[in-house]
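Mind the numbering: the sequence shown is residues -28 to -1, 1 to 114 in mature numbering (1 follows the signal peptide of the UniProt record, and there is no 0), read in order. We put the beta carbon where it would ideally sit given N, CA and C, even for glycine.
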Amino acid sequence: MTVIRTSIKTLALTFVIGLFATASPAVAADGVLSVDSASLVARGAAVDVTYSLVCDADAEVFTSVRLAQRSGGGVATGIGSPSGGRVACTGEKQTITVWVLANSGPAFKRGVAAASVSQFSCLTPEEPCTISELNEEITITR
């Protein structure tokens, strides 16, 4: 059993290294890179979520953040997006901050929460659109 586990780990590590060794794009791919911070607003009525993304210059991009957090006997949930849902893309890494308003029910609190950041982008009507999503466990602070 130990030999099999070691072989599988070695194979997986080799695969991951191979991906990085062969993936060297000239331009950064579209996508959400990370959730950088999350802090309470108005005693948990909302959470300020800051995240980073990359999208092609002049792309039409819509982005949103969903949060879920156990709170007491229930689950606090909410969704937020930049004004109008759109981001003016520069082709470089951008930092976005949005308010995620709590839905009716429990308020958000300090602690661990599940975050899902989505990005939908289209360059032209003729080209296929891309969708990227980052699902991450985050920590909400004050």
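Alpha-carbon to alpha-carbon, residue j and residue i
| i | j | result |
| --- | --- | --- |
| S43 | T96 | 43 Å |
| V89 | K81 | 19 Å |
| K65 | V26 | 5 Å |
| L39 | S104 | 17 Å |
| V4 | D20 | 17 Å |
| T113 | G50 | 16 Å |
| G63 | E32 | 12 Å |
| T35 | G45 | 30 Å |
| G52 | V37 | 5 Å |
| G56 | V70 | 11 Å |
| A60 | R15 | 31 Å |
| D30 | Q91 | 15 Å |
| L106 | V47 | 20 Å |
| E17 | S24 | Contrary to the premise, residue 17 reads as Ala rather than Glu in this sequence. Cα to Cα, the separation comes out at about 23 Å. |
| S6 | E99 | 26 Å |
Start-to-end residues for the beta strand (DSSP E) that takes in residue i
| i | result |
| --- | --- |
| F92 | G83 to C94 |
| E32 | E32 to S43 |
| T102 | T102 to I112 |
Bridge-paired residues (DSSP) for residue i
| i | result |
| --- | --- |
| A10 | V21 |
| G3 | V26 |
| G50 | L39 and A74 |
key: Secondary structure, beta strand (DSSP E): runs of 3+ residues fully inside the segment 52 to 81   = Segments of the beta strand (DSSP E) lying fully in the segment 52 to 81: 58 to 60 and 65 to 74.
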